[in-house]
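Shown next, in C-alpha cells, is the structure this report addresses.
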Amino acid sequence: NPDNLRRAIEGAVQRHRLKKEKALLAEELRQAQKMEAIGTLAGGLAHDFNNMLTSMVGFLDLAMAKTHATEAEPELTQVRSTCRDMAKVIEKLLAFSHCRPSVRRILNLREIVSEMEVILAHTLPQGVRLETRVDPEEECRLFGNANQIQQVVLNLAMNGAEAMPKGGDLFIAIDRVRPEKDEAHSLGVIPSGDYYRIQVKDTGVGIRPDKISRLFDLFYTTKPMDFNKGTGLGLAVAWQHIQDHRGHVKVESGPATGTTFSVYLPAELKTVATTSGIQSSSFPKGRETLLVVDDEDVVLDVTCEMLKKLGYDILKAQDGVEAIDLFMSNQDEIDAVVLDLNMPNMDGEECMKRLLSINPNLVILVATARLVTSSKRQCLRQGAKDIIQKPFLFQDLATRLRMALDSSRTEKEIPSTPISN
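With the sequence shown counted from 1, adding 86 to any position gets you our numbering.
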C-alpha cells in the first residue's frame, strides 16, 4: 500500500530527526556542564592567585617604602608593573567564571591617554591624524576602573575614525572643569561639581540632531552594518562604563564641525602623591585600633604590616568565630574591621552580621579576592562601608580605609534636626 509505505518512510525520517536532535541537546548539555565546571575551576584559581598576588604586592609596596630613591627602585617599580599585568590576567579568569568585579583603583588619566595613543597608532585607518592634549597643571588622578575608561576612549575614538572615511583629524583632550550650575544638554543634565572631562573630537560628517538621542542605544548605529566595523555595541558599552563611574556624556555635532563627545567623570580625589616611588609618608594615616580578619596567613600578615606602618593599632583573627570573640573582648577599643569574605568556620558575611548586631555603627571594610556584583550589593546593604578588591595596593588600602573612617565620623557628627512644635 503506497500510503502505508509513505507513512512508514515519514515515521522513520521523523524518528531519525528526533534522535539527532536529542543527541545534539545532550551534547549541548554536556558542553554547558563542562564550561560550568571550567568556570568554577577558573574562579577558584583566580581566588587563590589573587590571595598570593595580594601578599606579593603588599610586601613589595612595603619594600619600596623602605628603598625609595635607591638604586633598586627602578627594578622594584618594574616588578610592581608586572604584578599589575598579572592582576589583569586574573580579572580575565574572573570574567570567564562569571565573577566580574569592577576593580576600582587610583588611576592616572594621563597614562591612559598615553596608552591609547600607542594602541590607536596601530588601529586608526590611514589618513586619520591623531592629536592628544592633557592639561599639564592637572594630576588627572581619580578612583576608577582603568580598563573600562580605556574602553570608553577607544570606542569613542574608533567611532570618530569611522565618521571620517576619507581621513581627517581626531583630537583627544583631558582637562578639569567645574560647572557652577546644572548644565542641560540633549542627553540629560550634568550636575554642578568637580569633573575630569575627556573630549574626543572628530572632523567627520557629523550627526543629525534627531539621531543623537539614540546614539548609545544597544545595537544602534548610523553607519551601514559591517562585521569589520562592529554592530552598534561600541557606544552602548561606553555609555554603560560611564554610568558605572557615575559620569555623564554630552554630544555636540554639526555637518561643518564634526562631532565632539565630552565625558564627565567625578574628580573624587583632590590630591594624590605623583612620585613613582612608594612613599608611605604621603598616604592617609590614623591612630585608630583595627581588627583585621583573614584566613590566609600571608595575606593577614602583609595587611597588618601595611596598617601598622600607617600608624594603626592592630588586632588580628583568622576566621569569623575568632573575630567575634576578639571584638566582644575589645569592642570599646576597636574602631573598624578589615574583613575577608571567604573563610572557614564562619564566613565574612555572617561575621559582619554579628558584628553589626553588636555595634551597628561599626566601620567595616570588606577586602576580598572573589566578589560578584550581587555579593557586593548585599555586603553594602548589610552595612559594609566599602569594598576593596584583592590584590590591593598599599596606597589604595590607606586611602579607602581613611575615607571609610572619616565618612563614619562625619555621619556621627551631623546633628539630628529638631522637630518644631
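We put the CB at the ideal spot given by N, CA and C, even for glycine.
In the three-state reduction of the DSSP assignment, E338 falls in the strand class, which pools E and B. Here L451 is not near I420, since their CB atoms are 8 Å or more apart. CA-CA distance, M244 to C437, rounds to 48 Å. Comparing alpha-carbon positions, the option among F145, G97, M138 and D89 lying closest to L393 turns out to be F145. Note on geometry: alpha-carbon atoms of Q285 and E203 lie some 14 Å from one another. Shown here, V291 sits in coil according to DSSP, grouped into three states, outside any helix or strand. Annotation for L487: L451 place their beta carbon closer than 6 Å to its own, counting only its chain and skipping 5 residues before and after. Between the alpha carbons of D255 and D171 lies a gap of roughly 32 Å. Boundaries of the alpha helix (DSSP H) around D330: G320 to D330.
In this structure A422 is in contact with A490, their Cβ atoms being roughly 7 Å apart against a cut-off of 8 Å. Contact between I258 and T218 holds, with the beta-carbon distance rounding to 5 Å and staying under 8 Å.
Shown here for Q417: same chain residues with a beta carbon closer than 7 Å to its own, the five before and five after excluded, namely I444 and N445 in chain order. Going by C-alpha positions, L216 is about 17 Å away from Q237. In this structure, the straight-line span from the alpha carbon of L377 to that of F135 is close to 24 Å. Residue pairing by DSSP puts D255 in a beta bridge opposite R215. Just measuring C-alpha positions, the residue of L442, T454 and F480 sitting nearest R467 is L442. Counting other Cβ atoms within 10 Å of its Cβ, G344 reaches 16 or more and is therefore classed as buried. Nearest neighbour of K471 by Cα position, chosen from D330, R227, E248 and S493, turns out to be S493. Scanning the region 363-419 from its first residue to its last, the whole alpha helix (DSSP H) runs of 4-plus residues come out as 383-395 and 406-416. In the DSSP assignment, G279 falls outside any beta strand (DSSP E) and carries neither an H nor an E.
A453 places its beta carbon 8 Å or farther from that of F413.
Looking at the backbone, the Cα of A247 and that of G292 are separated by about 12 Å. Under a 10 Å Cβ-count criterion, N90 is classified as exposed, with fewer than 16 other Cβ atoms of the shown protein chains found around its own Cβ.
Separation of the CB atoms of T485 and P352 is rounded to 15 Å, and the pair is thereby denied contact status at 8 Å.
With distances taken between CA atoms, C465 lies nearest to D433 out of D433, S278, V220 and E201. Per DSSP, N194 is one residue of the beta strand (DSSP E) stretching across R191 to N194.
Each of L448, R294, S278 and R283 was checked against the Cα of A249, and the nearest Cα belongs to R294.
Put simply, the backbone Cα of A158 is about 38 Å away from that of H327.
In the three-state reduction of the DSSP assignment, P88 falls in the helix class.
Between the beta-carbon of I205 and that of L240 there is about 7 Å, and that keeps the pair under the 8 Å contact cut.
Shown here, T156 sits in coil according to DSSP, grouped into three states, outside any helix or strand. With fewer than 16 other Cβ atoms from the protein chains shown falling within 10 Å of its own Cβ, K252 counts as exposed.
Here DSSP, grouped into helix, strand and coil, assigns S299 to coil.
At a Cβ-Cβ threshold of 8 Å, Y281 and I260 do not count as neighbours. For R264, no beta strand (DSSP E) segment is defined, and its DSSP state is neither H nor E. DSSP places A453 inside the beta strand (DSSP E), whose first and last residues are V449 to T454.
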